[in-house]
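A.B. asks: Per the working numbering, the sequence shown starts with residue 15, numbered consecutively.
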Amino acid sequence: MWTEKLLSGVLRVLTPLGPRYLKPSIGQRLYLLWVFRNFQTLPFKVLSARQQRLIEGMCDENRFVAWGVGFDDAPLVGTLEQRPPALSQKLPPRRPSTSVDEAVAPFAAEGRR
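1. Please classify residue 19 as buried or exposed, where buried requires at least 16 other C-beta atoms within 10 Å of its C-beta.
2. Can you grab the Cα-Cα spacing for the pair residue 51 / residue 90, in whole Å?
3. Could you compute how far the alpha carbon of residue 64 sits from the alpha carbon of residue 45?
4. Are the CB atoms of residue 37 and residue 49 nearer to each other than 8 Å?
5. Please return the same chain residues whose Cβ sits closer than 8 Å to the Cβ of residue 56, not counting the five positions on each side in sequence.
6. Which partner residues of residue 95 appear in the DSSP bridge assignment?
7. Within a Cβ cutoff of 6 Å, which residues of the same chain sit near residue 22, ignoring the five residues on either side of it in sequence?
8. Helix or strand or just coil, what does DSSP make of residue 25?
9. How about residue 78 and residue 66: do their beta carbons lie closer than 8 Å?
10. Smallest Cα separation from residue 43: which of 106, 16, 32?
11. In terms of DSSP beta bridges, what is residue 50 paired with?
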């Protein structure tokens with residue numbers, strides 16, 4: 015079973031939209047087997063900063079695989095619960111919205127001159 019997980023295992027990540035499956039590289043699978051050695055399911059909060067960065071990096075690299083397309087019988091390395099949503103970059107503050115008439119009026123006045 016260990017060798018099957020090492021060779022073709024996937025990581026299940028439970029998200030608000032349902033479970034997603036990640037296909038880690040062989041080195042990542044080896045590390046994840048060690049992380050999940052005592053538990054099949056772990057919450058995201060209990061992982062170390064390094065482990066969290068690894069999971070976030072795999073999600074950023076879009077290593078997701080479609081379950082049901084050749085992966086039906088792929089062994090699970092582990093299940094990760096409660097993964098927080100990816101943080102988006104802060105956007106600059108928005109200007110207050112004005113109506114189109116107010117925004118165009120100065121330009122229309124110049125055009126009439």
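Positions of the beta carbon are idealized from the N, C-alpha and C atoms, including for glycine. Bear in mind the structure is a predicted one, so any value in this text is a computation, not a measurement.
C.D. replies: Quick look at the numbers:
1. buried
2. 12 Å
3. So the alpha carbons of these two residues sit roughly 11 Å apart.
4. no
5. 49, 50, 92, 93, 94, 95
6. Looking at the DSSP output, residue 95 shares a beta bridge with 57.
7. 88
8. strand
9. no
10. The residue from 106, 16, 32 with its alpha-carbon nearest to that of residue 43 is 16.
11. Looking at the DSSP output, residue 50 shares a beta bridge with no other residue.
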